[in-house]
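Participant: In this note's numbering, the protein residues as written are 67 to 338. Glycine included, C-beta positions come from ideal geometry on N, C-alpha and C. In this text, all values refer to a predicted model and were calculated from it rather than measured experimentally.
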Amino acid sequence: MDKLRVSKSLILDWWKYKDGELCGELFNKRYIERAELEEITSDAMLAGQRFEYQTINSTLRGGVIPPIVTTSTGKPAAIQNIVDVQTDRFLKFMKENGIELVSSGVKLEVDMDKYILVGVVDGFLNIDGQLSILEMKFTSMLNPVGWGKDSPYAYFTDRLKDNRIHMLQPRLYVLICKTHPDYGQALPFYYYIASSKMMYSAECVEVPVQDSSIETLLTEIDEIVNDIEATVNLGLEFNALPEATRCSKCPAKAICNKKVDSVTIKRISHEN
Ligand code: SF4
Ligand SMILES: [Mn+2]
Numbered sequence: 067m068d069k070l071r072v073s074k075s076l077i078l079d080w081w082k083y084k085d086g087e088l089c090g091e092l093f094n095k096r097y098i099e100r101a102e103l104e105e106i107t108s109d110a111m112l113a114g115q116r117f118e119y120q121t122i123n124s125t126l127r128g129g130v131i132p133p134i135v136t137t138s139t140g141k142p143a144a145i146q147n148i149v150d151v152q153t154d155r156f157l158k159f160m161k162e163n164g165i166e167l168v169s170s171g172v173k174l175e176v177d178m179d180k181y182i183l184v185g186v187v188d189g190f191l192n193i194d195g196q197l198s199i200l201e202m203k204f205t206s207m208l209n210p211v212g213w214g215k216d217s218p219y220a221y222f223t224d225r226l227k228d229n230r231i232h233m234l235q236p237r238l239y240v241l242i243c244k245t246h247p248d249y250g251q252a253l254p255f256y257y258y259i260a261s262s263k264m265m266y267s268a269e270c271v272e273v274p275v276q277d278s279s280i281e282t283l284l285t286e287i288d289e290i291v292n293d294i295e296a297t298v299n300l301g302l303e304f305n306a307l308p309e310a311t312r313c314s315k316c317p318a319k320a321i322c323n324k325k326v327d328s329v330t331i332k333r334i335s336h337e338n
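1. I need the boundaries of the alpha helix (DSSP H) containing Lys82, first residue and last residue.
2. Between Gln152 and Ala260, how many whole angstroms is the CB-CB distance? I'm expecting something under 8 Å.
3. Quick one: using the 10 Å Cβ neighbour count with 16 as the cut-off for buried, is Val72 buried or exposed?
4. What did DSSP end up calling Ser278 once you bin it into helix, strand or coil?
5. If you measure from the CB of Met202, is any heavy atom of ligand 2 nearer than 7 Å?
6. With a cut-off of 8 Å, do at least 3 Cβ pairs link the region 95-110 to the region 312-320?
7. Can you say whether Arg116 is buried or exposed, counting buried as having 16 or more other CB atoms within 10 angstroms of its CB?
8. Starting from the C-beta of His336, find all residues in its chain whose C-beta is less than 7 Å away, skip the five residues before and the five after it, and write them out in chain order.
9. How close, in whole Å, do the beta carbons of His246 and Leu174 come, if the pair is a contact with beta carbons under 8 Å?
10. Please return the same chain residues whose Cβ sits closer than 6 Å to the Cβ of Leu253, not counting the five positions on each side in sequence.
11. For Ser75, count the other beta carbons within 10 Å of its own beta carbon; 16 or more makes it buried, fewer makes it exposed. Which is it?
12. Determine whether the beta carbon atoms of Ser170 and Gly185 lie at a separation below 8 Å.
13. Determine the direct distance from the alpha carbon of Pro308 to that of Ile66, and round the result to whole angstroms.
14. Taking DSSP as the reference, what is the three-state secondary structure of Arg333?
15. Could you give the residue range of the beta strand (DSSP E) that holds Phe304?
16. Alpha carbon to alpha carbon, how far is Lys158 from Asn94? Give it in angstroms, no decimals.
17. If you measure from the CB of Leu307, is any heavy atom of ligand 1 nearer than 7 Å?
18. Check this for me: beta carbons of Ile134 and Gln146, under 8 Å apart or not?
19. Output the distance between the C-alpha atoms of Tyr249 and Asn323, rounded to the nearest integer angstrom.
20. Compute the minimum distance between the beta carbon of Glu118 and the heavy atoms of ligand 2, and state whether it is under 7 Å.
21. Does DSSP classify Cys316 as helix, strand or coil?
22. Look at the Cβ atom of Tyr119, then the Cβ atom of Met202, and state whether they are nearer than 8 Å.
23. Have a look at Phe255 and Arg333 and give me their C-alpha separation to the nearest angstrom.
24. Bridge partners for Asn192 per DSSP, in chain order?
25. Please list, in chain order, all residues of the same chain as Val298 whose beta carbon is under 8 Å from its beta carbon, the five residues on each side excluded.
26. When the Cα atoms are used, what is the spatial distance from Asp154 to Phe204?
27. Out of curiosity, what's the CA-to-CA distance linking Val172 and Arg312?
28. Where do the N-terminal and C-terminal ends of the alpha helix (DSSP H) with Glu87 fall, by residue?
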């Protein structure tokens, strides 16, 4: 097989697959066959893309500018108003703290011999002369109680089934910069998180990443790559989870021969 391209989403999807929450055939199509899949977007995702464009000039593939989010009648959607308010607050935050945006949407790849590490850094910042990594989030999960609580795979806490907080993205991106010849050092990592629900709620969080935690991540990635390669090299299949509702929303549905759309019979035992 070709060298695996190990990204944040590959790792997250692998965890979901191992937890029985992601169809193995989708994993196979996306990361092994690297097939062209449907793009499934929601208003929340479009708003997030537009937010990153208005704040740090991030464009879509091919330099396409994400349009403002509109309703079906073509008027700006309510969420676009939140994007605008949050954009002003971000620009004010940058100015007040003397932070400079150095670059945005930077694609990084590092050949690790056995696999390739890949990541797209939302932005590089200059904070008091220190180059730093910026990850932007526009999310409904920022709330006074703490965010990322609803999903075990939320990007901030990456709370795994064993309740471990993984912090995958900061660790992975710091690792990529450290091993990338253009950077060659562990850079500070910042999240800027803007709420997509409460227009005045936003925060900037620095996540310190120790060398030891990068070493642990490298070991974890090694194990994942070994597991995936063993499955492929032994000619085994990834466990598919065909089920009508799941398949109907699946980005691989047009090219998947395991897809089901019929009603199946389930047996429910109710007697002792
Ligand atoms: S269409 Fe169904 S079986 Fe095929 S990859 Fe998607 S979820 Fe899995
Ligand atoms: Mn982002």
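Facilitator: On the basis of the supplied data:
1. Secondary structure note for Lys82: its alpha helix (DSSP H) is the uninterrupted segment 74-84.
2. Their Cβ separation, rounded to whole angstroms, is 4 Å, which keeps Gln152 and Ala260 in contact under 8 Å.
3. By the C-beta density criterion, Val72 is buried, having at least 16 other C-beta atoms within 10 angstroms.
4. Three-state result, Ser278: helix.
5. Flag set: Cβ of Met202 near ligand 2.
6. Verdict: yes, contact present.
7. With 16 or more other Cβ atoms within 10 Å, it is buried.
8. Excluding residues within five positions, none has a Cβ falling inside 7 Å.
9. In this structure His246 is in contact with Leu174, their Cβ atoms being roughly 6 Å apart against a cut-off of 8 Å.
10. The answer, listed in chain order, is Leu197, Ser198, Ile199, Cys243.
11. Around the beta carbon of Ser75, a 10 Å sphere encloses fewer than 16 other beta carbons of the protein chains shown; the residue is thus reported as exposed.
12. Contact flag unset, no.
13. Because the chain spans 67 through 338 in this model, residue 66 falls outside it and cannot be assessed.
14. DSSP places Arg333 in coil when its eight states are reduced to three.
15. It is not in any beta strand (DSSP E) - Phe304 carries neither H nor E in the DSSP assignment.
16. A direct Cα-Cα distance of roughly 44 Å separates Asn94 from Lys158.
17. The answer is yes for Leu307.
18. Contact flag set, yes.
19. Taking the Cα positions, Tyr249 is about 44 Å away from Asn323.
20. Yes; taking the cut-off as 7 Å, the Cβ of Glu118 has a heavy atom of ligand 2 nearer than that.
21. Of the three classes helix, strand and coil, the one that applies to Cys316 here is coil, per DSSP.
22. Not closer than 8 Å, so no.
23. Distance between the alpha carbons of Phe255 and Arg333: 50 Å.
24. Answer by DSSP bridge pairing, in chain order: Glu166, Leu197.
25. Cβ neighbours of Val298 within its own chain (closer than 8 Å, five residues either side excluded): Met67, Ile98.
26. Going from the Cα of Asp154 to the Cα of Phe204 covers about 14 Å.
27. Their backbone Cα atoms lie some 33 Å apart in a straight line.
28. First-last for Glu87: undefined, no H or E at that position.
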